[in-house]
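Student:
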Amino acid sequence: MDSVRRPENMARITTAALAEAFIAEQVKEIRETVGDKKVLLALSGGVDSSVVAALLIKAIGSQLISVHVNHGLMRKGESEQVIEVFRNQLKANLVYIDATDRYLDKLAGVADPEKKRKIIGAEFIRIFEEEARKLSGVEFLAQGTIYPDILESIKQAEGKKAVKSHHNVGGLPEDMQFALIEPIKLLYKDEVRVVGEALGLPHGMVYRQPFPGPGLGVRCLGAITRDRLEALREADAILREEFDNCGLAERVWQYFIAVPDIKSVGVKDDSRYEGWPAIIRAVNTKDAMTATIEEIPYPVLHKITARITSEVKGINRVLMDLTPKPTGTIEWE
Ligand code: XMP
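This is the structure in structure tokens:
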């Protein structure tokens, strides 16, 4: 990632017309740069990589090869949406890899959060590299770098300490030499969204809440097991559905469930029922450096609790995390 700075006179992309102009300019530039060569992209399904994919498909069609690695730590329905939007609607040249078993085997028994993050990041690079080596004629690697990433890397270069090793897809070993294409690297997130909508991506994909690179891996606390991961995925889907239904999804910056590796005694159908607690986290922030707690109306909490405890196998309690950042980070790991 080079540390190019955004020109001070660059207009903020706030309207569809400005987005169209940006897209036209980028399409022209991408075509000139790429010629008849191929471009590789790691498509996570997040806003940034999705917008880059849509932009490149518009510019060079099937010369873009998008690789979507499902690490088994995606939220419910997410990989399916990537396939539906990119392969079926946009006719992308999409390689889909279900690496769930490979990831869960590697992560089995690993409880340390930083070790988990490192395994998830390294495994991604290994899989992506394997796929890249199978392809011929690829000269470019596209990345969904955005301007805050560049600002963050400048800060890190200046020696500010990171609290967690954030993992994002896209890094490749140095012996694999690609020229980089980073068409949205001067854009802020709000501009990326305006461009995404102008490219025809679904609203839900463009306005998706932030989701960490290691996915549900950092919310299935401690050593990940398949049954607890599945419980987390189902509980999280219920939380998201209920937030959508009552309009909270539009208001809350990030909301999710974490499931710790502890069990408590409960009762179900007149019998002892040991299960995990589902912890609700719902926060607002401007830059993710600090965060405040969103107040959720009790009737909404009651409904979510009733649904999760009755519909999700293995969960017998629902708790709410009321800790701002600091002292809690947004994620639990
Ligand atoms: P924390 O937990 O550090 O999170 O308060 C701040 C924001 O960053 C997201 N996050 C990540 N994003 N890769 C990412 O792309 C990561 O490894 C990662 N870890 C945390 C978190 O979801 C929150 O929005």
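Per our numbering, the very first residue in the sequence shown carries number 23; after that it's consecutive.
A virtual CB, placed ideally from N, CA and C, is assigned to each residue, including glycine.
On a predicted model such as this, the values are computed, not experimentally measured, just so you know.
(1) For Leu-86, which three-state DSSP category applies?
(2) Taking the beta carbon of His-324 as the centre, do at least 16 other beta carbons fall within 10 Å, making it buried, or is it exposed?
(3) If you follow the beta strand (DSSP E) that Ala-201 is in, where does it begin and where does it stop?
(4) Span of the beta strand (DSSP E) holding Val-214?
(5) Between which two residues does the beta strand (DSSP E) harbouring Val-305 extend?
(6) Taking 6 Å as the cut-off, is the CB of Pro-170 close to at least one heavy atom of ligand 1?
(7) Please confirm if the stretch 116-135 is in contact with the stretch 32-41, defined as three or more CB-CB distances below 8 Å between the two stretches.
(8) Determine, using beta carbons only, whether Ile-142 and Pro-234 come nearer to each other than 7 Å.
(9) May I ask whether a heavy atom of ligand 1 can be found less than 6 Å away from the beta carbon of Pro-282?
(10) Tell me the rounded alpha-carbon separation between Gly-192 and Glu-264.
(11) Classify Asp-58 as helix, strand or coil using the three-state DSSP reduction.
(12) So Val-69 and Arg-230 are supposed to be a Cβ contact under 8 Å. How far apart are they, rounded?
(13) With hydrogens ignored, establish whether the beta-carbon of Gly-235 is closer than 6 Å to any heavy atom of ligand 1.
(14) Quick test of your reading: Ala-310 and Ile-279, contact by CB under 8 Å. State the CB separation rounded to the nearest angstrom.
(15) Identify the continuous beta strand (DSSP E) that holds Met-342 and give its terminal residues.
(16) Determine which residues share a DSSP beta bridge with Thr-314 and list them.
(17) Just to confirm, does Ile-352 get its C-beta within under 6 Å of one of the non-hydrogen atoms of ligand 1?
(18) Which two residues bound the contiguous beta strand (DSSP E) that contains Val-160?
(19) Using the beta-carbon count (16 or more within 10 Å), is Glu-272 buried or exposed?
(20) Sorted by chain position, which residues of the same chain lie with C-beta nearer than 8 Å to Ile-337's C-beta, five sequence neighbours on each side aside?
(21) Pick from Tyr-277, Leu-78 and Ala-328: whose alpha carbon is nearest that of Thr-307?
(22) Could you pull the start and end residues of the beta strand (DSSP E) that Ile-147 belongs to?
(23) Could you tell me whether any non-hydrogen atom of ligand 1 is closer than 6 Å to the CB of Pro-135?
(24) Between which two residues does the alpha helix (DSSP H) carrying Phe-265 extend?
(25) Would Lys-98 and Gly-159 qualify as a contact pair, given that the criterion is a beta-carbon distance under 7 Å?
(26) Can you list, in chain order, the residues of its chain whose CB lies under 7 Å from that of Lys-285, leaving out five sequence neighbours each side?
Tutor: The short version:
(1) strand
(2) exposed
(3) 201-203
(4) No beta strand (DSSP E) contains Val-214, which is instead part of the alpha helix (DSSP H) from 211-220.
(5) 293-306
(6) no
(7) no
(8) no
(9) no
(10) With a pLDDT of 47 at Gly-192, under the threshold of 50, the modelled position of that residue is not reliable, and the figure given next carries that caveat. For Gly-192 and Glu-264, the distance between alpha carbons rounds to 33 Å.
(11) coil
(12) 6 Å
(13) yes
(14) Actually they do not touch by this definition, with Cβ atoms about 19 Å apart.
(15) 337-342
(16) Asn-306
(17) yes
(18) 160-164
(19) exposed
(20) Ala-253, Ala-257, Val-281, Gly-297, Trp-298, Pro-299, Ala-300, Ile-330 and Thr-331
(21) Tyr-277
(22) Ile-147 -> not in any beta strand (DSSP E); alpha helix (DSSP H) instead, spanning 135-156.
(23) no
(24) 248-267
(25) no
(26) Glu-296, Gly-297 and Trp-298
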